[in-house]
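**Q**
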Amino acid sequence: MKFDNSYVTLGERFFHRNDPTEVDDPQLFLWNHALAEHIGITDDLINDKDTLARIFAGNQTPEGAEPISTAYAGHQFGSFNPQLGDGRAHLLGEVLTVEGERWDLQLKGSGTSAFSRGGDGRCAIGPAVREFIMSEAMHALGVPTTRCLAVVTTGEKVFRQGAHPGAVVTRLATSHLRVGTFQFFAARKDADSLSALCDFAIERHYPEVKNSEKHRCVALLDRVIENQIRLIVEWMRVGFIHGVMNTDNTAISGETIDFGPCAMMGVYDLATVYSSIDHQGRYAFGNQPHIAHWNMARFAESLLPLLDTEDESLMQELTGLINNFPERFQQAHRSMVAAKCGLLEVEDSDDELMDLLLQGIADAKLDYTISFDLLTRSVKCEQARGEIATQLGEVIERWHQRISTQDAEQTHACLRRSNPVVIPRNHHVEAVLQECEESGDPASALKMLDVLRQPYTQTEQTQAYQTPPEDGDRFYETFCGT
Ligand code: AMP
Ligand code: MG
Numbered sequence: 013m014k015f016d017n018s019y020v021t022l023g024e025r026f027f028h029r030n031d032p033t034e035v036d037d038p039q040l041f042l043w044n045h046a047l048a049e050h051i052g053i054t055d056d057l058i059n060d061k062d063t064l065a066r067i068f069a070g071n072q073t074p075e076g077a078e079p080i081s082t083a084y085a086g087h088q089f090g091s092f093n094p095q096l097g098d099g100r101a102h103l104l105g106e107v108l109t110v111e112g113e114r115w116d117l118q119l120k121g122s123g124t125s126a127f128s129r130g131g132d133g134r135c136a137i138g139p140a141v142r143e144f145i146m147s148e149a150m151h152a153l154g155v156p157t158t159r160c161l162a163v164v165t166t167g168e169k170v171f172r173q174g175a176h177p178g179a180v181v182t183r184l185a186t187s188h189l190r191v192g193t194f195q196f197f198a199a200r201k202d203a204d205s206l207s208a209l210c211d212f213a214i215e216r217h218y219p220e221v222k223n224s225e226k227h228r229c230v231a232l233l234d235r236v237i238e239n240q241i242r243l244i245v246e247w248m249r250v251g252f253i254h255g256v257m258n259t260d261n262t263a264i265s266g267e268t269i270d271f272g273p274c275a276m277m278g279v280y281d282l283a284t285v286y287s288s289i290d291h292q293g294r295y296a297f298g299n300q301p302h303i304a305h306w307n308m309a310r311f312a313e314s315l316l317p318l319l320d321t322e323d324e325s326l327m328q329e330l331t332g333l334i335n336n337f338p339e340r341f342q343q344a345h346r347s348m349v350a351a352k353c354g355l356l357e358v359e360d361s362d363d364e365l366m367d368l369l370l371q372g373i374a375d376a377k378l379d380y381t382i383s384f385d386l387l388t389r390s391v392k393c394e395q396a397r398g399e400i401a402t403q404l405g406e407v408i409e410r411w412h413q414r415i416s417t418q419d420a421e422q423t424h425a426c427l428r429r430s431n432p433v434v435i436p437r438n439h440h441v442e443a444v445l446q447e448c449e450e451s452g453d454p455a456s457a458l459k460m461l462d463v464l465r466q467p468y469t470q471t472e473q474t475q476a477y478q479t480p481p482e483d484g485d486r487f488y489e490t491f492c493g494t
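Residue numbers (this note's numbering): 13 to 494.
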């Protein structure tokens, strides 16, 4: 593991230096071997489980690490909080891989910081394992996401409506720069720090912006919007509901970050919400594009201190990017839905067919993943074709006519690429978390991870995780502040 810490060079306004709080009895619970090798953790260390447990619990600082908690602000459910920050996380530093990738290595649940605001700085085993499983599943599904390297149990209790075993989860991200990081400095009218942050973000994520003829803030906004759209379209493809799309949980890299109250949609319904505190459906499945648009508008605002607001053409460029978001999203979303329906090239006349298919699935209250898996199989399997036709009626005949104009192998490949066989279904994930907590044994999580790491392949093991919940997740609830 080779550290090269660039964020700390931005200066003390960006973070607080503080070490993780030691825990009683660190034990390695989950370990991402492939990722460990990828970031260059040596075999010596990989084989030394005790040292790994101490490092990824925060009891031992690895050579080259400089633990900090980062500062950020954020709009939470629409209200601005100028002071959030890592209340229970420590960024150990940045590791460079031999391929030249740069990864933030962050411990979460590793103790309090100057930003804890009364919180205990800790994390229970359930949410830690949940973040590990969900992020690995998302990665395997092909959705941009932060990753998890380890879950270490602490031997201590954490109190959340009862006592639970504590854990520390290690997260890897291409950075932890959030829309809220920009808002932190914009709120303080600290243009110097904001400018340094902008340069840092461009260097780290969007170096091509340096060659743009546009103002760097406009070019940066354009790129961040592009990646945000790609991300939300991918969430919509697999049925992911983030649950708490606040601006502090929006990474400017375009990676999924903070898996708190996230969930997967079962029955296809745009209004699906599982988060216990989201009473208005602000972060409902189908509202995610609108919220991403809203968040990008907040990002644009946070850049204003760096812009000459009297410059009309510059302001027009900026507002143009925001105003154009829905259309740009719609185009990307349409391409995704077309691929999900197996259309190799999409024509104007296809829109009606795609709408009818989705509307049919919604009207019949069918499971999103199962329906598209069936559609995929129906290209080659008469029985599957009969089944989906019974459920959806004549639109299936029309769809078969349309795809019969295409090469069958290519159609099938396109459908399979777009439609997973298995997703991390809420009730299966919850059962695994409960089993892990009660037994103290990671076996059930490892078994599930094996399946979720090949989400487009049906294996003998897959079936156990494909079944939808008996109650259609009608009573399923997820929680924040976990
Ligand atoms: P989240 O909902 O996980 O995105 O967290 C929102 C804010 O609350 C962030 O600033 C977190 O660092 C902070 N936070 C969440 N849980 C805790 C905790 N147990 N102790 C201290 N701060 C926390
Ligand atoms: Mg957060």
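No residue lacks a Cβ here, since even glycine has one placed at the ideal position from N, Cα and C.
Since we're looking at a predicted model, the values are computed, not measured.
Quick one: Cα of Gly398 to Cα of Asp379, how far?
**A** Between Gly398 and Asp379, the C-alpha separation is close to 17 Å.
**Q** Within the present structure, is the beta-carbon of Ala185 separated from the nearest heavy atom of the ligand MN by less than 7 Å?
**A** The ligand MN is not part of this structure, which contains only the ligand AMP and the ligand MG.
**Q** Quick check on Lys201: buried or exposed, where buried means 16 or more other Cβ atoms within 10 Å of its Cβ?
**A** Looking at its Cβ environment, which holds fewer than 16 other Cβ atoms inside 10 Å, Lys201 is exposed.
**Q** May I ask you to report which of helix, strand or coil DSSP gives Glu339?
**A** Helix at Glu339.
**Q** Examine the ligand AMP and report whether any of its heavy atoms sits within less than 7 Å of the Cβ of Phe194.
**A** No, Cβ of Phe194 sits at least 7 Å from all heavy atoms of the ligand AMP.
**Q** Run through DSSP, which three-state label would Val436 get?
**A** Before going on, a small fix: residue 436 reads as Pro here, not Val. Of the three classes helix, strand and coil, the one that applies to Pro436 here is coil, per DSSP.
**Q** Could you give the distance in angstroms between the alpha-carbon of Ile53 and the alpha-carbon of Glu113?
**A** Taking the straight line joining both Cα atoms gives about 14 Å.
**Q** What's the C-alpha gap between Leu387 and Val181?
**A** Roughly 38 Å between the two C-alpha positions.
**Q** Using 10 angstroms around the beta-carbon of Asn307, count the other beta-carbons present and answer buried if the total reaches 16, otherwise exposed.
**A** Buried, by the Cβ-count rule.
**Q** Who's in the neighbourhood of the ligand AMP, going by beta-carbon under 7 Å from any heavy atom, listed in chain order?
**A** Having a Cβ closer than 7 Å to some heavy atom of the ligand AMP are Leu96, Gly97, Asp98, Gly99, Arg100, Ala101, Thr124, Phe127, Ser128, Arg129, Gly131, Asp132, Gly133, Arg134, Cys135, Val256, Asn258, Asp260, Asn261, Asp270, Gly272, Cys492 and Gly493.
**Q** With a threshold of 8 Å, are at least 3 pairs of Cβ atoms found where one atom belongs to the region 76 to 92 and the other to the region 182 to 191?
**A** Yes: the two stretches touch, three or more of their Cβ pairs being nearer than 8 Å.
**Q** Please report the straight-line C-alpha distance between Leu369 and Arg465, rounded to a whole angstrom.
**A** For Leu369 and Arg465, the distance between alpha carbons rounds to 29 Å.
**Q** With a CB to CB cut of under 6 Å and the five nearest residues on each side skipped, what residues in its chain are close to Ala312?
**A** Excluding positions up to five away in sequence, the list reads Leu233, Leu330 and Ile334.
**Q** Would you list the one or two residues that DSSP bridges to Trp43?
**A** The partner list for Trp43 (beta bridge, DSSP) reads Ala162.
**Q** By the three-class DSSP mapping on this structure, what secondary structure does Val441 have?
**A** In this structure, Val441 counts as helix in the three-state DSSP scheme.
**Q** Which whole-angstrom value describes the C-beta separation of Val391 and Thr423, a residue pair presumed to lie in contact below a C-beta threshold of 8 Å?
**A** Yes, Val391 and Thr423 are in contact; Cβ-Cβ is about 6 Å, under 8 Å.
**Q** On the DSSP letters alone, give me the boundaries of the beta strand (DSSP E) that Pro301 sits inside.
**A** It is not in any beta strand (DSSP E) - Pro301 instead sits in the alpha helix (DSSP H) that spans Gln300 to Leu315.
**Q** Please list, in chain order, all residues of the same chain as Lys61 whose beta carbon is under 7 Å from its beta carbon, the five residues on each side excluded.
**A** Counting only Cβ-Cβ distances below 7 Å, and skipping sequence neighbours, we find Leu40.
**Q** Start and end of the beta strand (DSSP E) containing Asn30?
**A** Careful: Asn30 lies outside any beta strand (DSSP E) and carries neither H nor E.
**Q** What is the C-beta distance between Gly8 and Ala136, in whole angstroms, given that I count them as a contact (C-beta under 8 Å)?
**A** Examination of residue 8 is not possible in this model, given that the chain is present from 13 through 494 alone.
**Q** Evaluate the contact criterion for the region 350 to 368 versus the region 256 to 267: three or more CB pairs, one atom per stretch, below 8 Å.
**A** Taking 8 Å as the limit for Cβ pairs, the verdict is that the region 256 to 267 does not touch the region 350 to 368.
**Q** At the level of alpha carbons, what is the spacing between Arg216 and Leu103?
**A** Whole-angstrom Cα-Cα distance: 16 Å.
**Q** Might you give, ordered along the chain, the residues of its own chain that have their beta carbon closer than 6 Å to the beta carbon of Leu404, omitting 5 neighbours on each side?
**A** The residues are Gly372.
**Q** With DSSP run on the structure shown, which of helix, strand or coil describes Thr259?
**A** Helix at Thr259.
**Q** Reducing DSSP to helix, strand and coil, say where Asn431 ends up.
**A** Asn431 falls in the coil class under three-state DSSP.
**Q** Helix or strand or just coil, what does DSSP make of Ala179?
**A** Looking at Ala179 - three-state DSSP - the assignment turns out to be strand.
**Q** Tell me where the beta strand (DSSP E) around Gln118 begins and ends.
**A** Segment Arg114 to Lys120, the beta strand (DSSP E) holding Gln118.
**Q** Using a Cβ-Cβ cut-off of 7 Å (strictly less than) and excluding sequence neighbours within five positions of Leu108, which residues of its own chain qualify?
**A** Result list for Leu108: Lys14, Asp16 and Arg114, in chain order.
**Q** Sorted by chain position, which residues of the same chain lie with C-beta nearer than 6 Å to His440's C-beta, five sequence neighbours on each side aside?
**A** Excluding positions up to five away in sequence, the list reads Tyr477.
**Q** Express the C-alpha separation of Thr381 and Arg437 in angstroms, rounding to a whole number.
**A** The straight-line gap from Cα to Cα measures roughly 10 Å.
**Q** State buried or exposed for Glu75, treating a residue as buried only when at least 16 other CB atoms are found within 10 Å of its CB.
**A** Classification of Glu75: exposed, given that the 10 Å Cβ count is below 16.
**Q** Can the beta-carbon of Gly121 be found less than 8 Å from the beta-carbon of Arg142?
**A** No, they are not a contact pair.
**Q** Taking contact to mean at least 3 C-beta pairs separated by less than 8 Å, is the region 481 to 493 in contact with the region 270 to 283?
**A** Counting Cβ pairs under 8 Å, three or more are found: they touch.
**Q** According to the Cβ coordinates, are Thr157 and Pro38 closer than 8 Å?
**A** No, the Cβ-Cβ distance between Thr157 and Pro38 is not below 8 Å.
**Q** Could you spell out where the beta strand (DSSP E) holding Val107 opens and where it closes?
**A** It spans Ala101 to Leu108 - the beta strand (DSSP E) in which Val107 sits, taken as one unbroken run.
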